[in-house]
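K.L.:
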Amino acid sequence: MLSKREWAWGYLLIAPMALGLAVFYLWPIAQTLYLSFTESGVFGGYTWVGTANFAELLGDEEMLGALGNTLLYAVLVLAGVPLSIVVAALLNVPGLRGLSVYRTLYFLPVVTMPAAVGLTWRYLFNGDFGAINHLLGKVGIDGPYWVGDPDFAIYAIAIVGVWSTIGYNAVLFLAGLQGIPRPYYEAASIDGAGRLRQFFRITLPLLTPTTFFVIVITMINALQVFDLVFLMIDLKSPALSGSRTIVYLFFEKGFVQNQRGLAAAIAVLLLGLILVLTAIQFRLQKKWVHYE
Amino acid sequence: MRIRLPLAGLLALAVLAAGCGSSAEPAADGKVTISYAIWDKNDQAGAEKIIAAFQQANPKVTVKLEITPWEQYWTKLQTAASGGTAPDVFWMNSLNVRMYAKGGVIAPFDDAKAAGLPEAVVDGYRHDGKLYGLPHNVSIPALWYDKKIFDAAGVDYPTAGWTWDDVKAAAKKLTDPAKKQFGILAPMWDQGGFYNTMIQAGGHVLSPDGKKSGFDHPASIQGLEFWTGLIQDKLAPVAEIYTDTDPLQLFQSGKYGMYYGGVWFASTYWANPEIRERIDVAPLPKGPAREAVILLGLANAVSAKSEHPAESAAFAEFVSSEQAQKILSDSGGGALSVRPGTQDGWFKAFPSWKLKETYDASMPHGVPYPATLNTAQWQDVQNKLLAEAWSGKRPVAEVAREIAAQMNEILAKE
Numbered sequence: 004m005l006s007k008r009e010w011a012w013g014y015l016l017i018a019p020m021a022l023g024l025a026v027f028y029l030w031p032i033a034q035t036l037y038l039s040f041t042e043s044g045v046f047g048g049y050t051w052v053g054t055a056n057f058a059e060l061l062g063d064e065e066m067l068g069a070l071g072n073t074l075l076y077a078v079l080v081l082a083g084v085p086l087s088i089v090v091a092a093l094l095n096v097p098g099l100r101g102l103s104v105y106r107t108l109y110f111l112p113v114v115t116m117p118a119a120v121g122l123t124w125r126y127l128f129n130g131d132f133g134a135i136n137h138l139l140g141k142v143g144i145d146g147p148y149w150v151g152d153p154d155f156a157i158y159a160i161a162i163v164g165v166w167s168t169i170g171y172n173a174v175l176f177l178a179g180l181q182g183i184p185r186p187y188y189e190a191a192s193i194d195g196a197g198r199l200r201q202f203f204r205i206t207l208p209l210l211t212p213t214t215f216f217v218i219v220i221t222m223i224n225a226l227q228v229f230d231l232v233f234l235m236i237d238l239k240s241p242a243l244s245g246s247r248t249i250v251y252l253f254f255e256k257g258f259v260q261n262q263r264g265l266a267a268a269i270a271v272l273l274l275g276l277i278l279v280l281t282a283i284q285f286r287l288q289k290k291w292v293h294y295e
Numbered sequence: 088m089r090i091r092l093p094l095a096g097l098l099a100l101a102v103l104a105a106g107c108g109s110s111a112e113p114a115a116d117g118k119v120t121i122s123y124a125i126w127d128k129n130d131q132a133g134a135e136k137i138i139a140a141f142q143q144a145n146p147k148v149t150v151k152l153e154i155t156p157w158e159q160y161w162t163k164l165q166t167a168a169s170g171g172t173a174p175d176v177f178w179m180n181s182l183n184v185r186m187y188a189k190g191g192v193i194a195p196f197d198d199a200k201a202a203g204l205p206e207a208v209v210d211g212y213r214h215d216g217k218l219y220g221l222p223h224n225v226s227i228p229a230l231w232y233d234k235k236i237f238d239a240a241g242v243d244y245p246t247a248g249w250t251w252d253d254v255k256a257a258a259k260k261l262t263d264p265a266k267k268q269f270g271i272l273a274p275m276w277d278q279g280g281f282y283n284t285m286i287q288a289g290g291h292v293l294s295p296d297g298k299k300s301g302f303d304h305p306a307s308i309q310g311l312e313f314w315t316g317l318i319q320d321k322l323a324p325v326a327e328i329y330t331d332t333d334p335l336q337l338f339q340s341g342k343y344g345m346y347y348g349g350v351w352f353a354s355t356y357w358a359n360p361e362i363r364e365r366i367d368v369a370p371l372p373k374g375p376a377r378e379a380v381i382l383l384g385l386a387n388a389v390s391a392k393s394e395h396p397a398e399s400a401a402f403a404e405f406v407s408s409e410q411a412q413k414i415l416s417d418s419g420g421g422a423l424s425v426r427p428g429t430q431d432g433w434f435k436a437f438p439s440w441k442l443k444e445t446y447d448a449s450m451p452h453g454v455p456y457p458a459t460l461n462t463a464q465w466q467d468v469q470n471k472l473l474a475e476a477w478s479g480k481r482p483v484a485e486v487a488r489e490i491a492a493q494m495n496e497i498l499a500k501e
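Line order of the protein sequences matches chains A and B. Everything in the first sequence is counted per my numbering, starting at 4 for the first residue and increasing by one. Everything in the second sequence is counted per my numbering, starting at 88 for the first residue and increasing by one.
1. Run down chain A in chain order and give the residues with a C-beta less than 8 Å from the C-beta of Asn-470 of chain B.
2. Along the beta strand (DSSP E) that carries Thr-149 of chain B, what are the first and last residues, could you check?
3. Say whether chain A places a C-beta atom closer than 8 Å to the C-beta of Trp-314 of chain B.
4. Return the CA-CA distance between Thr-248 of chain A and Arg-185 of chain A, expressed in angstroms with no decimal places.
5. Work out the CA separation of Gln-339 of chain B and Ala-323 of chain B for me, nearest whole Å.
6. Which word fits Glu-189 of chain A, buried or exposed, when buried means at least 16 other C-beta atoms lie within 10 angstroms of its C-beta?
7. Note down, in chain order, all residues in the region 477-493 of chain B with a beta-carbon under 7 Å from any beta-carbon belonging to chain A.
8. Within 10 angstroms of the Cβ of Gly-301 of chain B, are there 16 or more other Cβ atoms? Answer buried if so, exposed if not.
9. Using only CA atoms, which one of B:Phe-196, B:Glu-327, B:Trp-178 lies nearest to Ala-156 of chain A?
10. Quick one: residues in its chain with C-beta nearer than 6 Å to the C-beta of Val-163 of chain A, no 5 flanking neighbours on either side, listed in chain order?
11. Taking beta-carbon pairs under 8 Å, can you tell me which members of the region 39-66 of chain A lie near chain B?
12. Helix, strand or coil: how does DSSP classify Met-116 of chain A here?
13. Give me the chain B residues within the contact set of Ala-242 of chain A, using Cβ-Cβ distance strictly less than 7 Å, ordered along the chain.
14. Cβ atoms of Ala-77 of chain A and Ala-225 of chain A: under 8 Å apart, would you say?
15. Would you kindly work out how many angstroms separate the C-alpha atoms of Thr-355 of chain B and Gly-421 of chain B, rounded to a whole number?
16. Measuring straight from C-alpha to C-alpha, what distance separates Val-271 of chain A and Thr-54 of chain A?
17. Given a limit of 7 Å on CB to CB distance, which residues of the region 190-205 of chain B reach chain A?
18. Ignore the nearest five residues each way along the sequence and tell me which others in Gly-191 of chain B's own chain have a CB closer than 8 Å to its CB.
19. Which one of A:Tyr-171, A:Leu-207, A:Thr-168 has the shortest CA to CA distance from Tyr-187 of chain A?
20. Determine the chain A residues that contact Thr-445 of chain B at a beta-carbon separation under 8 Å, and present them in chain order.
21. Does the beta-carbon distance from Glu-501 of chain B to Leu-221 of chain B come in below 8 Å?
22. Can you confirm whether Gln-464 of chain B, when its beta carbon is compared against all beta carbons of chain A, has any partner nearer than 8 Å?
23. According to DSSP, simplified to helix, strand and coil, what is Val-119 of chain B?
24. If you pair each beta-carbon of the region 21-32 of chain A with each one of the region 238-257 of chain A, do three or more pairs fall below 8 Å?
25. With 9 Å as the limit, tell me which residues of the region 365-395 of chain B have their beta carbon closer than that to any beta carbon of chain A; keep them in chain order.
26. Report back the beta-carbon spacing between Val-483 of chain B and Ala-491 of chain B to the nearest angstrom; my notes put them in contact at under 8 Å.
27. Kindly indicate which three-state DSSP category Trp-276 of chain B falls into: helix, strand or coil?
28. Please classify Asn-359 of chain B: is it buried, with 16 or more other beta-carbons within 10 angstroms of its beta-carbon, or exposed?
29. Look up Tyr-158 of chain A in the DSSP assignment and say whether it is helix, strand or coil.
30. Tell me the DSSP secondary structure of Arg-213 of chain B in three-state form.
31. Terminal residues of the continuous beta strand (DSSP E) containing Asp-331 of chain B?
32. State buried or exposed for Asp-252 of chain B, treating a residue as buried only when at least 16 other CB atoms are found within 10 Å of its CB.
33. Using the C-alpha atoms, what's the distance from Phe-352 of chain B back to Pro-370 of chain B?
34. Could you tell me the alpha carbon to alpha carbon distance between Gly-108 of chain B and Ala-167 of chain B, rounded to whole angstroms?
35. Assign Pro-19 of chain A to one of two classes, buried (16 or more other C-beta atoms within 10 Å of its C-beta) or exposed (fewer than that).
36. Determine the chain B residues that contact Gly-130 of chain A at a beta-carbon separation under 8 Å, and present them in chain order.
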C-alpha cells in the first residue's frame, strides 16, 4: 500500500505532463465539441445552432470529396508500409557495409521540416521544369502537371507521404526485427528452411505486433494529413478538388472563410472517423497479430 | 507529418497573441507609444522613414512598427481583435474592412480626412456610409510586355489606345509553338485579370448595391471568355502551368509576349538588369464596352479599442498626407503612393519604363475592387468553380451561372 505522501509525490511528478495535456489537448477538445454546435462571430461570440453544422456537412459535396481524397490518401500511404518492412529487413542484414549511412539516409526525411519537404517536391513535380518530368521525358513519357491536375495531385502527395514515412516506419520495424530471438532462425536452418521461407514463416508472423502498431499510427497520421497538401497545392489551384483533405477543408472553413463552428464540426467528424477506424483495427488484430 | 489537434494550436496562438498585446500606458511626461502593424517587408524602409518624419513633428508620440508576414497577418490580427488587443494602427485591405467595421474592431474616420484621394480607392473603405480606412497606396493592373519578342515578330508595342482585338491579334503573331513561345499569359487571376475584363465588357462582379452577383450577366461571361478563349486558341499556355510556376516568374523566362500584371511588379522586375532592358509596361487595353481598371489600395485603420485614439488617427492621417506620400514614392519600393501628384519619385526610380503614362491613363478609369462583408467566402466559390472553366472541363457560361447562384445565396445571408 502506498502512503498518502507517496501518492502526493506521484501526482506532483505527473503534474507538468498532466497539466499540459489538460490545457493543450483536453480543454481544446471540449471546446471544439462545444464549438461544433455553434455558429461563430468573426471576432468571438457564439450562437447555439444545434446539429445544423453536421447536417450541412453530411450533404456537402466538398466534405464528401475531402473524405474520399483523405481515404484514398490513407490507402495509398498504407500501401507503402510493406516497403518499410523490406527496407528494415535489408537494413538488418548482418554485416552490411555502410549500415549507419543507409539508416541515416532513410531516416533523414523524418527529421526534415515538412515545409522544406513540400517545397522541394513541388519543384520536382513541376510540369515544365521539374526533374521528374524531365526524367520521364528521357524514356518517352510526357509527364502530367502533377500538382496542377486534379487527377494526379493526390497521388503526387501520397508519393511524398510514403517517401517521408518510410524511414520512421523502418526504424520501428528494425526494432521489431531485432526483438525476434535468433534461435528460431537457427532451428529453421537446421530443418532446412531457406532465407525466403524463414522471412515468411518466422519474420513476418513475429513482426505482426510491430506491423499492427505501424499500421494504426500510419493510418491516424494519414487521415490528418494537411501540411503536404497545404504546401503543394494553392488555395486557388484547379487541382484542389482532387486533393483537398478533411483537415484542409477544416483550414479553409475555419481560417479562410471564418466559419469556425462548421470547422469545429469537421474536426469532430474526423475525430469520430479516426476512433471508428482504429476501433475496427483493434477488433481485427485478434485475427492476425501473433503475440509470442 | 500531421497537424496535431488543430484547435490546440489555435489556443496556443491565442495565448501567445494575448501575451504579446501592447499595454501602452501613458507615461507621466505625456509621452505615448502607439503600435503600427504592417505585413510587407518591402515597405519597411519607407514606413520607417515616414515614422521618423511623424515623430519629428510629434515629439511626444513614439510609433512602434510591427511586421507580420502576410501568411499570419490576418489570423493574428483577428485573434488580437477578438481579445481586444489589436494594434493601434494597422494595414487594412478592402476585402476585410467591412468585416472589421461591422465587428466594431475599427473606428470610423471623418470623411473629410480622405479629401483629395482617388474616389475609386477611398470608396473601397466605406461601410454603411462611414469611412473606415485612409488609403496610403494603390495597386494598378497593367500590361507588361516583352520587347524582345515583339521586335522579333515585328509587332508594334502596346499603347494606351489598345483594345482586346489588338491583344488577340498581337498574341497570334507572337505565338510560336515550335519555340514553345506564347503570345500572352492567362492565369486565373481576379485583381489583374478577369475582374477588369468582366467590367470592360460591360458586365459587373457585384450589383451596385452589393446584394447580387454579376457573374451571370452575359457581358461578364464575355469578360471571362476573353481569357479562356486565349487558352483554347493556344495563344496562352494551359491553366495547369500557373499552379506550378508563379506567372510573375513565368513572364521573366522570355517565352511569353504579354502579361496582365500590376505596376507594383516594377521593383521586382527592375532588380534584374536583363529583364529591366527587355520589358516595358502599358495601360490595360480597353474592352468592347468601356475602359476599366480595378484599383485596389491599402489603407490604415485605427483600432476602436486604442488607448490613444487621437494620436493613432493623427498618424494614419499623416501616412496619407502629401509629405509622407512623397517619402513613400522616393523610397522606390514596391508600393505606389495613392495621393495624386506624389508619384514622381517612384516613376523616377524606374526611369526607362512607361509607368507615368500607364498611371495617367489608368487612374481616370479606376473601378473599386468588388468586396462585401464576407468577400473571402464568395471568392472561394468563385475560384473553385472558375478553375473548372480555365482547365476547359466545363463551359464558362455554365460555370458563371453556378457561381452567381451560389454567390447570391452567400450575399443574401450577409
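Backbone N, C-alpha and C define an ideal beta-carbon position, used for all residues, glycine too. Predicted, not measured: the structure shown is a model, and the values here were computed from it.
P.N.:
Well, looking at it:
1. Position 383 of the second sequence, counting from 1, holds the residue named residue 470 of chain B. Chain A residues near Asn-470 of chain B: Leu-238, Lys-239.
2. Along the second sequence, read from residue 1 onward, the residue named residue 149 of chain B stands at position 62. 148-154 is the span of the beta strand (DSSP E), which, as asked, contains Thr-149 of chain B.
3. Here residue 314 of chain B refers to the residue found at position 227 of the second sequence. So, not an interface residue.
4. The residue labelled residue 248 of chain A in the question sits at position 245 within the first sequence. The residue labelled residue 185 of chain A in the question sits at position 182 within the first sequence. Taking the straight line from one Cα to the other gives about 44 Å.
5. Within the second sequence, residue 323 of chain B is the residue found at index 236, counting from 1. Within the second sequence, residue 339 of chain B is the residue found at index 252, counting from 1. Taking the straight line joining both Cα atoms gives about 15 Å.
6. On the first sequence, residue 189 of chain A is found 186 positions in, with the first residue counted as 1. Per the 10 Å Cβ criterion, exposed.
7. Trp-477, Ser-478
8. Counted from its first residue, the second sequence places residue 301 of chain B at position 214. Gly-301 of chain B should be labelled buried.
9. Counted from its first residue, the first sequence places residue 156 of chain A at position 153. Cα-wise, what sits closest to Ala-156 of chain A is B:Glu-327.
10. In the first sequence, the residue the question calls residue 163 of chain A occupies position 160. Trp-124, Leu-231.
11. Gly-44, Val-45, Phe-46, Gly-47
12. Looking up residue 116 of chain A in the first sequence gives position 113. It is coil, neither helix nor strand.
13. Walking along the first sequence from the start, residue 242 of chain A turns up at place 239. Neighbours of Ala-242 of chain A on chain B, chain order: Thr-330.
14. As a working note, residue 225 of chain A is residue 222 in the first sequence. As a working note, residue 77 of chain A is residue 74 in the first sequence. Yes, these two residues count as a Cβ contact at 8 Å.
15. Counted from its first residue, the second sequence places residue 355 of chain B at position 268. Counted from its first residue, the second sequence places residue 421 of chain B at position 334. Approximately 8 Å, taken between the alpha carbons.
16. Here residue 271 of chain A corresponds to residue number 268 of the first sequence, with the count starting at 1. Here residue 54 of chain A corresponds to residue number 51 of the first sequence, with the count starting at 1. Spanning the two alpha carbons is a distance of roughly 12 Å.
17. Gly-190, Val-192
18. Here residue 191 of chain B is taken as the residue at index 104 of the second sequence, counted from 1. So the qualifying residues of the chain are Ala-391.
19. Counting from 1 along the first sequence, the entry for residue 187 of chain A is found at position 184. The option with the nearest alpha carbon to Tyr-187 of chain A is A:Leu-207.
20. The count along the second sequence starts at 1 and reaches residue 445 of chain B at position 358. By Cβ distance, chain A contributes nothing, its closest Cβ being about 26 Å from Thr-445 of chain B, past 8 Å.
21. Position 414 of the second sequence, counted from the start, is the residue given in the question as residue 501 of chain B. Position 134 of the second sequence, counted from the start, is the residue given in the question as residue 221 of chain B. It is not a contact, given that the beta carbons lie outside the stated cut-off.
22. Against the second sequence, residue 464 of chain B aligns to sequence position 377. Yes, its Cβ sits closer than 8 Å to a Cβ of chain A.
23. Taking the first residue of the second sequence as position 1, residue 119 of chain B is located at position 32. Residue state, collapsed to three classes: strand.
24. no
25. none
26. As a working note, residue 483 of chain B is residue 396 in the second sequence. As a working note, residue 491 of chain B is residue 404 in the second sequence. Actually they do not touch by this definition, with Cβ atoms about 12 Å apart.
27. Here residue 276 of chain B is taken as the residue at index 189 of the second sequence, counted from 1. Coil, per DSSP.
28. Against the second sequence, residue 359 of chain B aligns to sequence position 272. Exposed, because fewer than 16 other Cβ atoms sit within 10 Å of the Cβ of Asn-359 of chain B.
29. Position 155 of the first sequence holds residue 158 of chain A. The answer is helix: DSSP assigns Tyr-158 of chain A an H, G or I state.
30. Position 126 of the second sequence, counted from the start, is the residue given in the question as residue 213 of chain B. Arg-213 of chain B: strand per DSSP, three-state reduction.
31. Start at 1 with the first residue of the second sequence, and residue 331 of chain B comes out as number 244. From DSSP, Asp-331 of chain B is part of no beta strand (DSSP E) but of the alpha helix (DSSP H) over 328-331.
32. Sequence index remark: in the second sequence, residue 252 of chain B carries index 165 (1-based). Label assigned to Asp-252 of chain B: exposed.
33. Within the second sequence, numbered from 1, the residue matching residue 370 of chain B stands at position 283. Within the second sequence, numbered from 1, the residue matching residue 352 of chain B stands at position 265. For Pro-370 of chain B and Phe-352 of chain B, the distance between alpha carbons rounds to 14 Å.
34. Position 21 of the second sequence holds residue 108 of chain B. Position 80 of the second sequence holds residue 167 of chain B. Residue placement at Gly-108 of chain B cannot be trusted, given a pLDDT of 41 that sits under 50; the coordinates are not used to answer.
35. The residue labelled residue 19 of chain A in the question sits at position 16 within the first sequence. Result: exposed.
36. Sequence index remark: in the first sequence, residue 130 of chain A carries index 127 (1-based). Here the neighbours are Glu-327, Ile-328, Asp-331.
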